[in-house]
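If you're matching them up, the sequences are chains F and X in order. Each residue of the first sequence is one higher than the last, beginning at 2 in our numbering. Each residue of the second sequence is one higher than the last, beginning at 2 in our numbering. A virtual CB, placed ideally from N, CA and C, is assigned to each residue, including glycine. Since this is a predicted model, take the numbers as computed values, not measurements.
Number of protein chains: 2
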Amino acid sequence: MKRKPSTEATACWIRLMRVQSRVLNAVEQDLKKAGFPPLAWYDALLELSRAPAGELRPVELEKQMLLPQYSTSRLIERLVDEGLAVRRECKIDKRGQFVEITDAGRELQKKMWSAYSAGIEKHVGSKLSDADAVKLCGLLDRLGCSCGETASLVAKDGAAAR
Amino acid sequence: MKRKPSTEATACWIRLMRVQSRVLNAVEQDLKKAGFPPLAWYDALLELSRAPAGELRPVELEKQMLLPQYSTSRLIERLVDEGLAVRRECKIDKRGQFVEITDAGRELQKKMWSAYSAGIEKHVGSKLSDADAVKLCGLLDRLGCSCGETASLVAKDGAAAR
DNA sequence: CATGACTAAATGCATTTGCATGGAGTAGTC
DNA sequence: GACTACTCCATGCAAATGCATTTAGTCATG
């Protein structure tokens, strides 16, 4: 008798949900204990720092981060409030703007990466051989197909939740 | 040169975050469009329906669902408000209580499962062979080691996010 | 250049979360 | 039994989120 979502698929689903939640919590908690802001801030700063002139349109950021529009809007607001980014006028489209990372922003991003990377190592890296990590990536990719381009660029200093 | 979190581990992390978020959103959205309450309600109802007399102490529920205490408390409040569960006095420990699922609760759980299972099939099952699903489970388990006991019981009617 | 359809971003408002605390009960110790 | 320490659950309050809407600007068409 064939069930519609096979028990195997269901088991995957469960683990995907639970493991992610566990691991994410663990890493976020570590970061918080070290006195850092939430991961989303890091992700945004990283995207900005990698962008051509350290600046991005909110819409772009939104796409990179897979975040709802209003959520991006408020995230930017907070970064600006904290002096981690500044708004720049967008001359080619007056509706829009550019958000540029500041030096303070770049600095924070780097500092966070040292804590963040430690978290990744502790909660992921240390539990998996590199070979297994590659297998896991491959399998996950089949479900999501959206880590695409970004994924290959990650190399040097880490990345992006949500 | 060896980096601390290997690029492989980092890539895993990214995918784990992004894929989970994508898939969860997709399933939640499907459920919502079908007019159902959030997944967490389903999870709670499922746990309750599987418990010995259809009842559980909030603390147990909390552990099963990996939810913060206050969050469980409010979830129960909502279930009770909607008539999906009732509170029962706990005679052996006056601090506590039992939460028992109602017929309406069991019914909703079943109805939700048909939509939920369709979501799992659509967003997970259909993208993975059973063999690959098994591999994926195995790899994920190494990161979490908490789907343990529950996992094997899942068989018949689905399970649990967060 | 008027119009209608669309995109960029912000925001008001209701709901939900997180955090810290409080009240009530249990259990161990003396 | 009085004290202390701890567990179970609820809740007030501030902050974060989701949703729908608004404001401003673009663009294509006639």
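Contact with chain F is found for X:Met18, since one of that chain's Cβ atoms lies less than 8 angstroms from the residue's Cβ. The beta carbon of F:Arg96 sits no closer than 8 angstroms to any beta carbon of chain X. One finds nothing in chain X with a Cβ atom closer than 9 angstroms to the Cβ of F:Glu48; even the nearest lies about 13 angstroms away. CA-to-CA, the gap between X:Leu47 and F:Gly106 works out to about 45 angstroms. Distance check between F:Asp44 and each of F:Met2, F:Leu62, F:Pro53 places F:Leu62 closest, using alpha-carbon atoms only.
Among the CB atoms of chain X, none fall inside 8 angstroms of the CB of F:Ser72. At least one CB of chain F lies nearer than 8 angstroms to the CB of X:Cys13. Of all residues in the region 21-47 of chain X, those with a C-beta nearer than 7 angstroms to a C-beta of chain F are Gln21, Ser22, Arg23, Val24, Leu25, reading in chain order.
Segment contact: the region 78-92 of chain F against the region 117-132 of chain F, fewer than three CB-CB distances shorter than 8 angstroms; contact not assigned. With fewer than 16 other Cβ atoms inside 10 Å of its own Cβ, F:Arg75 counts as exposed.
For a Cβ distance threshold of 8 angstroms, residue set Pro6, Ala10, Thr11, Trp14 of chain F lies close to X:Ile121, ordered along the chain. Following the DSSP letters along the chain, one finds X:Arg107 inside the alpha helix (DSSP H) bounded by residues 104-124. Within the DSSP secondary-structure output, X:Arg89 pairs in a beta bridge with X:Phe99. Nearest CB-CB separation between F:Lys111 and chain X: not below the 8 angstroms threshold. For X:Lys33, the enclosing alpha helix (DSSP H) begins and ends at 8-34.
Identification of residues in the region 120-139 of chain X having a C-beta nearer than 7 angstroms to some C-beta of chain F yields Ile121, Glu122, Val125, Gly126, Lys128, Leu129, Asp131, Asp133, Ala134, Val135, Lys136, Leu137, Cys138, given in sequence order. Ranking X:Arg89, X:Thr103, X:Tyr71 by CA distance to the CA of X:Arg51 puts X:Thr103 first. In terms of Cα proximity to F:Leu67, the closest of X:Arg143, X:Gly139, X:Leu129, X:Ile15 is X:Ile15.
For X:Trp42, the closest of X:Phe99, X:Lys112, X:Ala54, X:Arg89 by C-alpha to C-alpha distance is X:Lys112. If you look at F:Arg51, you'll find it in the alpha helix (DSSP H) that goes 40-51.
Here X:Leu49 is not near X:Leu40, since their CB atoms are 8 angstroms or more apart. Residues of chain F with a Cβ closer than 9 angstroms to the Cβ of X:Arg51 do not exist; the shortest Cβ-Cβ separation is about 14 angstroms. Below 8 angstroms, too few C-beta pairs join the region 81-92 of chain F and the region 6-24 of chain F to call them touching: fewer than three. Residues of the region 84-108 of chain F with a Cβ closer than 9 angstroms to any Cβ of chain X: none.
For F:Ala132, the enclosing alpha helix (DSSP H) covers residues 131-145. F:Leu140 and F:Lys95 have their alpha carbons spaced roughly 43 angstroms apart. DSSP, reduced to helix, strand and coil, places X:Leu57 within a strand of the structure shown. F:Val100 counts as buried, since at least 16 other C-beta atoms from the protein chains shown sit within 10 angstroms of its C-beta.
Taking a Cβ-Cβ cut-off of 8 angstroms, F:Gly55 has no neighbours in chain X, whose nearest Cβ is about 22 angstroms from it. Contact of X:Leu144 with chain F is assigned, a C-beta pair being separated by under 8 angstroms.
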